[in-house]
Amino acid sequence: MTHPGSELIDRLYRATLGLKTPAECAAFFEDLCTITEIQNMAQRLGVAQLLAGGRNYQEITNGTGVSTATISRVNRCLRYGSGGYRLALARLGREER
Numbered sequence: 088m089t090h091p092g093s094e095l096i097d098r099l100y101r102a103t104l105g106l107k108t109p110a111e112c113a114a115f116f117e118d119l120c121t122i123t124e125i126q127n128m129a130q131r132l133g134v135a136q137l138l139a140g141g142r143n144y145q146e147i148t149n150g151t152g153v154s155t156a157t158i159s160r161v162n163r164c165l166r167y168g169s170g171g172y173r174l175a176l177a178r179l180g181r182e183e184r
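Per the working numbering: the sequence shown = residues 88 to 184.
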């Protein structure tokens, strides 16, 4: 999919792929994003993991305090998105075993 700034976005992806350790990623993301943006991305990944694990909206909201709007957005991406959440979760699962 081509969109404005796609060269810049591709460069961002390549820069991220070039990082080797969690510490390198942390340094990059701390420079690139606000702490709130990092927390929001981490929270959405956590919601994706809970949804993929069969948790419902109420359980997630009660357990995390995440809004149903955020849960709905993540769920829509899990169901109809590009598969990025599922790929990341599968790889994390293998790494954490």
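Where a beta carbon is used, it is the ideal one built from N, C-alpha and C, also for glycine.
Query                                                                            : Result
CA-to-CA distance, R160 to I147, given in whole angstroms                        : 13 Å
Contact check, Q130 vs V153, beta carbons under 8 Å                              : yes
Whole-angstrom C-beta distance between T151 and G133, which should lie under 8 Å : 7 Å
Endpoints, alpha helix (DSSP H) assigned at L106                                 : Premise fails: L106 is in no alpha helix (DSSP H) and is neither H nor E.
Cβ-based burial, I158 [other Cβ within 10 Å; buried from 16]                     : buried
Separation of F115 from R166, as counted between CA atoms                        : 30 Å
DSSP-derived helix/strand/coil call for N143                                     : coil
Buried versus exposed, by CB contacts within 10 Å (16 or more), Y100             : exposed
Straight-line Cα distance separating I96 from G171                               : 16 Å
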